[in-house]
Structure formats: structure tokens, C-alpha cells
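Accompanying notes for the structure given below.
Number of protein chains: 2
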Amino acid sequence: MSRPVILVTNDDGIISPGIRALVEVMKKFGDVTVVAPDSPQSGMGHAITIHDPLRMQKVDVFGDIPAYQCSGTPVDCVKMAIDKILHRKPDLCVSGINHGSNASINVIYSGTMSAAMEAAIDGIPAIGFSLMDFAFDADFSAAQVYIEKIVANILKSGIPKDSLLNVNFPKLPLDQIKGMKICRQAVAKWEESFDERTDPNGKKYYWLTGHFINNDQGEDTDIWALENGYVSIVPVQFDLTHHHAISYINENWSLHEESLHKQVNIVKD
Amino acid sequence: MSRPVILVTNDDGIISPGIRALVEVMKKFGDVTVVAPDSPQSGMGHAITIHDPLRMQKVDVFGDIPAYQCSGTPVDCVKMAIDKILHRKPDLCVSGINHGSNASINVIYSGTMSAAMEAAIDGIPAIGFSLMDFAFDADFSAAQVYIEKIVANILKSGIPKDSLLNVNFPKLPLDQIKGMKICRQAVAKWEESFDERTDPNGKKYYWLTGHFINNDQGEDTDIWALENGYVSIVPVQFDLTHHHAISYINENWSLHEESLHKQVNIVKD
Numbered sequence: 001m002s003r004p005v006i007l008v009t010n011d012d013g014i015i016s017p018g019i020r021a022l023v024e025v026m027k028k029f030g031d032v033t034v035v036a037p038d039s040p041q042s043g044m045g046h047a048i049t050i051h052d053p054l055r056m057q058k059v060d061v062f063g064d065i066p067a068y069q070c071s072g073t074p075v076d077c078v079k080m081a082i083d084k085i086l087h088r089k090p091d092l093c094v095s096g097i098n099h100g101s102n103a104s105i106n107v108i109y110s111g112t113m114s115a116a117m118e119a120a121i122d123g124i125p126a127i128g129f130s131l132m133d134f135a136f137d138a139d140f141s142a143a144q145v146y147i148e149k150i151v152a153n154i155l156k157s158g159i160p161k162d163s164l165l166n167v168n169f170p171k172l173p174l175d176q177i178k179g180m181k182i183c184r185q186a187v188a189k190w191e192e193s194f195d196e197r198t199d200p201n202g203k204k205y206y207w208l209t210g211h212f213i214n215n216d217q218g219e220d221t222d223i224w225a226l227e228n229g230y231v232s233i234v235p236v237q238f239d240l241t242h243h244h245a246i247s248y249i250n251e252n253w254s255l256h257e258e259s260l261h262k263q264v265n266i267v268k269d
Numbered sequence: 270m271s272r273p274v275i276l277v278t279n280d281d282g283i284i285s286p287g288i289r290a291l292v293e294v295m296k297k298f299g300d301v302t303v304v305a306p307d308s309p310q311s312g313m314g315h316a317i318t319i320h321d322p323l324r325m326q327k328v329d330v331f332g333d334i335p336a337y338q339c340s341g342t343p344v345d346c347v348k349m350a351i352d353k354i355l356h357r358k359p360d361l362c363v364s365g366i367n368h369g370s371n372a373s374i375n376v377i378y379s380g381t382m383s384a385a386m387e388a389a390i391d392g393i394p395a396i397g398f399s400l401m402d403f404a405f406d407a408d409f410s411a412a413q414v415y416i417e418k419i420v421a422n423i424l425k426s427g428i429p430k431d432s433l434l435n436v437n438f439p440k441l442p443l444d445q446i447k448g449m450k451i452c453r454q455a456v457a458k459w460e461e462s463f464d465e466r467t468d469p470n471g472k473k474y475y476w477l478t479g480h481f482i483n484n485d486q487g488e489d490t491d492i493w494a495l496e497n498g499y500v501s502i503v504p505v506q507f508d509l510t511h512h513h514a515i516s517y518i519n520e521n522w523s524l525h526e527e528s529l530h531k532q533v534n535i536v537k538d
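These protein sequence lines map, in sequence, to chains A and B.
According to the numbering used here, the first sequence holds residues 1 to 269 in order.
According to the numbering used here, the second sequence holds residues 270 to 538 in order.
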């Protein structure tokens with residue numbers, strides 16, 4: 001039986017310790033190829049590079065594992081890997097391990113998760129892994145144990161084809177992690193707050209900062225799981241349709257032709 | 270009664286004709302402030318600027334409508350507008366009119382839609398508008414008529430607070446548009462294809478291109494509506510949880526402690 005072809009990527013850049021920790025685990029499961037950004041791309045969301053050309057360079061970073069650094073975003077890396085490196089869809093795409101949480105609403109801003117989502121849109125089983133520790137020298141050893149478990153499960157039992165997984169690890173040693181929980185995304189948000197400064201030429205500039213606000217008290221959320229010592233696993237979808245809102249709008253809005261013409265006539269008077 | 274405070278943004282940049290067409294309509298409804306990127310930001314998805322400072326400049330582009338250009342992404346513009354310009358949440362945020370379609374899976378890549386989504390995450394009613402015409406001198410007049418109708422509806426009847434609207438207009442004159450349809454996002458994707466070239470120094474570089482593939486035959490999708498002469502309105506959500514996959518994983522994966530320890534032991538042997 002041939003070994004699965006596994007694509008590894010991330011958003012912290014190809015030399016980050018998090019991707020090294022992920023590659024170490026993944027090479028037990030299949031033939032790994034790494035295609036990752038040549039510089040940090042945190043917070044890039046699902047950005048793609050349209051207005052600039054992309055560069056790609058084979059690099060020697062992981063010994064005998066083929067590795068390529070790309071000048072684009074995490075999503076660009078996945079697209080480039082499929083079209084120009086692997087020349088096929090991989091059997092699995094894993095992204096991370098991110099240095100920092102991608103739980104709750106962070107899934108929307110995360111380059112790590114967007115890379116995994118890009119693979120999932122293409123029909124590839126995909127997982128994004130994140131550790132709740134921003135430190136460059138974070139300890140990924142407990143995460144590695146659970147990644148092995150999760151990858152074994154996805155290769156054996158799969159996930160629905162229109163989903164991917166957002167996995168977050170608490171910053172805890174292995175013996176203090178209580179297990180894994182399949183969760184929903186907590187309803188939370190960032191409240192923006194810009195740090196205003198003045199440059200040497202007297203012009204203002206701003207640094208984005210913010211406060212994370214979680215008012216979701218549910219015990220079935222990823223935030224609850226992480227705060228209570230569990231690994232959180234949220235199945236994520238890329239069909240963004242809000243189905244309940246369809247009926248709300250059909251019932252409450254004036255959409256039919258007659259009222260439209262009336263409205264348009266009012267406008268033209 | 271005080272007029273609503275309306276934030277207008279986009280991803281094509283503050284001098285694009287699409288945002289001018291949108292401002293013209295919106296000033297009939299309330300007190301408009303424009304905060305938009307100082308350069309094109311198409312395909313930026315939900316990117317935010319973490320590693321660089323942001324610049325903001327008041328500009329005279331729309332006569333007596335206050336307008337600011339920002340060096341960041343569309344999402345940065347919304348955050349900056351709330352924190353540094355309006356000093357409050359607007360009553361409505363509209364983004365566009367985008368030069369080009371954001372129907373179906375394009376919602377994921379779109380800076381236009383991500384700006385509106387950022388506002389919606391913050392609890393603000395929000396709409397992204399896009400016209401299926403990439404031309405700089407596209408004709409926005411039919412779109413303007415429907416925008417007026419849609420904005421009147423949202424100000425009167427609202428939408429569920431955890432949703433926003435993705436509105437796309439077919440490239441048709443007003444008298445050929447059949448009306449509006451509330452739709453779901455078509456299941457479609459881009460198949461990536463990079464155009465490989467060689468620079469004057471002999472090094473390779475790549476341009477992202479792709480083919481849009483729609484295998485969704487449903488007549489309730491945005492693609493169907495647009496191909497059949499309707500304005501498509503898709504209510505969009507930012508809770509990405511794939512709820513059906515939660516039960517699939519709980520039923521099909523080995524997650525309990527006993528099997529975890531077994532697996533971990535196998536790994537360590």
C-alpha cells in the first residue's frame with residue numbers, strides 16, 4: 001500500500017519551530033512535502049496574491065523532506081504546491097503548528113486556517129493546528145502527541161468532504177491535558193484599539209492592537225475546552241450561507257416587483 | 270429623527286469608480302464617512318496588518334463627504350474607522366461596489382466581503398456589493414437602483430445580527446434585470462493554474478491564474494440567479510462551525526482516553 005502524500009504548510013514561515021514540530025510527526029504517516037511562506041504571514045486570512053508575481057525556491061530545511069519557500073500568502077502556498085510542486089492533490093494537508101491561538105473568531109483572520117481551508121475547498125482532507133503560546137521557543141511536545149492521534153483518525157475515518165478541522169492546544173504539559181473535545185466555534189470577537197504614534201517626521205502612524213471579548217458561556221465551545229484543559233477540535237465549513245437568514249429576509253423584506261417599481265419610482269421623482 | 274451613520278469602504282481603493290457610485294446612493298440615507306484603502310486590495314480576504322504600522326490620511330475625493338485613505342487592508346479600514354474616525358460603531362457598513370463578482374466561493378477571497386464581515390462581527394448591519402464587470406469604467410447605474418432598494422429594506426427590517434449580505438449584480442442594463450433572489454452560496458471553486466515566466470536575470474516567477482468550476486446545478490444558488498438575470502443576495506455567516514461534522518467525528522473517531530493511551534503507547538514503542 002502506497003504511503004499518503006502529505007502537504008505541510010503554515011503562516012509563521014518555513015523556519016518557525018512550529019512547522020518543524022509538525023513535520024516531525026507527519027513523516028511517520030506518509031511522504032511529506034513542505035511548501036510554506038518565506039516570511040511570517042500571520043493574520044493574512046484567506047488573502048491571495050493577484051497584483052504581484054510569486055517566487056518559489058527549493059530549500060534545505062528539513063533534511064530529506066523536500067521543502068519549498070514561497071513569497072506568497074499561506075493560501076498561495078497551497079495553490080502553488082498543488083499546481084507546480086506535487087502536480088496532484090495531496091491526500092492530506094496540515095497547517096501549523098501555529099505559534100498562538102486560532103480558536104473562536106481567530107479562525108477568520110488566521111493564515112494557518114486559511115491554508116487548510118484552501119485545501120479543503122479543493123476536496124483535500126485538511127487540518128490546522130495551533131498552540132496557545134506565541135513564544136518562538138514554545139514547547140510543542142504535548143501537541144505532537146495529540147497530532148499523531150488526530151492524524152491517525154482522519155486517515156482512518158475521514159471527515160465530511162465539505163469540512164476541515166481547527167485544532168487548538170492549551171499551553172499545558174502532556175500529563176495535564178485532559179483529552180480532546182469536538183466543539184463549536186465560540187461567539188467572541190476582537191475589539192480593535194489602535195496605538196497611535198508619531199514618526200520622526202511628525203506624521204502619525206498606528207499599530208493594530210485589540211482586546212479579545214468572549215461573552216459565550218457555552219460549555220460546548222472551543223474557548224471553554226481550552227480554558228478547561230482540553231484540546232479543542234472545531235469542524236469548520238466554507239459554505240458561509242446563513243440559511244436561517246434566507247427565510248428571515250424572504251418573510252420581512254419587500255422584494256417583489258410591485259414594491260420595487262414603487263420604490264424605484266419614488267427615487268426617480 | 271437623526272440620520273443613520275454610514276461607513277463606506279471597499280477593496281478596489283478609494284479612487285475606484287465603484288465606491289463613488291456607492292457613496293452617491295448612500296448619502297441619500299444618512300451621514301456617510303468613507304474609509305478605504307489607498308491602493309487596490311483585491312483578494313486580500315480577511316487579512317489584517319500585524320507586522321507593519323498603518324497610515325491614515327484625510328482626502329478630498331467626494332466633495333462634502335468626509336473621506337480617509339488607509340494604507341491597510343479592507344478589514345483594517347473598518348477597524349480604523351470605528352476606533353479612530355467615527356469613535357463609535359456606524360449604524361450600517363457598506364462595502365463596494367466591487368469591480369468583479371464575489372459570488373459563490375469568491376466570498377472567501379474577497380476583501381470587499383471581508384470588510385463587511387468585520388463590521389458584522391462587531392454587530393453592525395453590513396452589506397458587500399459587487400458588479401460582474403471588472404472594467405474600471407463599468408456601468409454601475411442599474412446596481413445603484415437596486416442598492417437603494419436593498420438599503421431601504423435593511424434600514425427598515427434589518428437582518429439577523431449574526432449575518433451580513435453578499436449582493437452581486439449581473440452585468441445587465443436595468444430593464445433586463447428580472448429582480449432580486451435570496452440565495453445560498455453555490456458550491457464551486459477555483460482550480461489554480463500558475464503562469465510560469467522567467468525574469469531578465471533568468472529566475473522563474475509565477476502569476477496566479479485559475480479556472481472557476483461550478484458543478485452546483487441548484488436553482489437556489491447565487492450563480493444560478495446571476496446567470497438568469499437576477500440580483501443575488503446571499504446572507505453570510507461568520508460562525509464557521511460545521512455542526513453536522515461534530516456528530517460525524519464523535520461517532521466515527523476514536524477519541525476516548527483508553528484508545529488515546531493505547532495509540533500513544535504504540536507511538537512510543
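Just so it is clear, CB atoms sit at the ideal spot from N, CA and C, and this is done for glycine as well.
**Message:** Please list, in chain order, the chain A residues whose beta carbon lies closer than 7 Å to that of Ser432/B.
**Reply:** By 1-based counting over the second sequence, the position of residue 432/B is 163. Residues of chain A passing the Cβ test: His242 and Ala245.
**Neighbour-count burial assignment, His261/A, 16 or more Cβ in a 10 Å radius** = Here residue 261/A is taken as the residue at index 261 of the first sequence, counted from 1. Because the pLDDT of His261/A is 44, which lies under 50, any placement of that residue in the model is unreliable, and the number read from its coordinates should be weighed accordingly. Its Cβ having fewer than 16 others within 10 Å, His261/A is exposed.
**Cβ-Cβ distance between Asp491/B and Ser373/B below 8 Å** = For this step, residue 491/B is matched to residue 222 along the second sequence. For this step, residue 373/B is matched to residue 104 along the second sequence. Closer than 8 Å, so yes.
**Prompt:** Using a threshold of 7 Å, is the CB atom of Thr278/B nearer than that to any non-hydrogen atom of the ligand ATP?
**Reply:** Absent from the structure shown: the ligand ATP. Ligands present: none.
**Item:** the stretch 270–291 of chain B: positions lying closer than 9 Å to chain A by Cβ
**Value:** none
**Request:** Identify the contact partners of His320/B in chain D, using a Cβ-Cβ distance below 7 Å as the criterion.
**Result:** Looking at the structure shown, chain D is missing, and the protein chains on hand are A and B.
**Prompt:** Straight-line CA distance for Glu465/B to Cys70/A?
**Reply:** Here the question's residue 465/B lines up with position 196 in the second sequence. Here the question's residue 70/A lines up with position 70 in the first sequence. So the alpha carbons of these two residues sit roughly 14 Å apart.
**Request:** Tell me, please, whether the CB atom of Glu192/A is closer than 8 Å to any CB atom in chain B?
**Result:** Counting from 1 along the first sequence, the entry for residue 192/A is found at position 192. So, interface residue.
**Prompt:** What are the residues of the stretch 345–365 of chain B that lie near chain A, defined by any Cβ-Cβ distance shorter than 9 Å?
**Reply:** Asp345, Val347, Lys348, Met349, Ile351, Asp352 and Lys353
**Message:** Let me make sure I understand the geometry here. Which of Ile428/B, Val277/B and Pro286/B has the alpha-carbon closest to that of Asp408/B?
**Reply:** What you label residue 408/B is simply residue 139 of the second sequence in a count that begins at 1. When each option's Cα is compared against that of Asp408/B, the closest is Pro286/B.
**Prompt:** Listing by chain order, which chain A residues have their CB less than 9 Å from the CB of Ser523/B?
**Reply:** As a first step, residue 523/B is located in the second sequence; it is residue number 254 there, counting from the start. By Cβ distance, chain A contributes Lys149, Ala152, Asn153, Lys156 and Ser157.
**Asked** What are the residues of the stretch 50–72 of chain A that lie near chain B, defined by any Cβ-Cβ distance shorter than 7 Å?
**Response** Ile50, His51, Pro53, Leu54, Arg55 and Met56
**Asked** Which residues in chain A sit within 7 Å of Lys458/B, going by Cβ to Cβ distance?
**Response** Position 189 of the second sequence, counted from the start, is the residue given in the question as residue 458/B. Correct list: Ile121 and Asp122.
**Message:** Helix, strand or coil, according to DSSP, for Cys362/B in the structure here?
**Reply:** Locating residue 362/B in the second sequence gives position 93, where the first residue counts as 1. In this structure, Cys362/B counts as strand in the three-state DSSP scheme.
**Pair within 8 Å by beta-carbon distance, Asp428/B and Pro394/B** = Working through the second sequence from its first residue, we reach residue 428/B at position 159. Working through the second sequence from its first residue, we reach residue 394/B at position 125. It should be noted that the sequence gives Ile, not Asp, for residue 428/B. Yes, the pair counts as a contact, with Cβ atoms nearer than the cut-off.
**Request:** Give every residue of the same chain whose Cβ lies closer than 8 Å to the Cβ of Cys77/A, excluding the five residues on either side of it in the sequence, and list them in chain order.
**Result:** Within the first sequence, the letter at position 77 stands for residue 77/A. Closer than 8 Å at Cβ, skipping near neighbours: Thr9, Val35, Ala36, Pro37, Cys70 and Ala115.
**Prompt:** Should the stretch 228–236 of chain A be regarded as contacting the stretch 179–197 of chain A, the criterion being three or more beta carbon pairs within less than 8 Å?
**Reply:** yes
**Message:** Quick check on the DSSP output: what are the complete beta strand (DSSP E) runs of length 3 or more inside the stretch 16–72 of chain A, in order along the chain?
**Reply:** 31–37, 56–59 and 67–70
**Asked** Of all Cβ atoms in chain B, is any one closer than 8 Å to the Cβ of Ala47/A?
**Response** Counted from its first residue, the first sequence places residue 47/A at position 47. It does: the Cβ of Ala47/A has a partner Cβ on chain B nearer than 8 Å.
**Prompt:** Among all the DSSP beta bridges, which residues are the ones paired with Thr9/A?
**Reply:** Stepping through the first sequence from its first residue, residue 9/A is reached at position 9. Answer by DSSP bridge pairing, in chain order: Ser95/A.
**Request:** Closer than 8 Å by beta-carbon distance: list the chain A residues that pair up with Asn519/B, in chain order.
**Result:** One-based indexing of the second sequence puts residue 519/B at position 250. Those within 8 Å of Asn519/B in chain A are Ile182.
**Prompt:** Which two residues bound the contiguous alpha helix (DSSP H) that contains Asn521/B?
**Reply:** The residue labelled residue 521/B in the question sits at position 252 within the second sequence. Asn521/B -> alpha helix (DSSP H) spans His512 to Asn521.
**Message:** Below 8 Å on the Cβ atoms is my contact criterion, and I expect Pro170/A with Thr112/A to pass it. Report the Cβ-Cβ distance as a whole number of Å.
**Reply:** One-based indexing of the first sequence puts residue 170/A at position 170. One-based indexing of the first sequence puts residue 112/A at position 112. Not confirmed; about 17 Å, so no contact.
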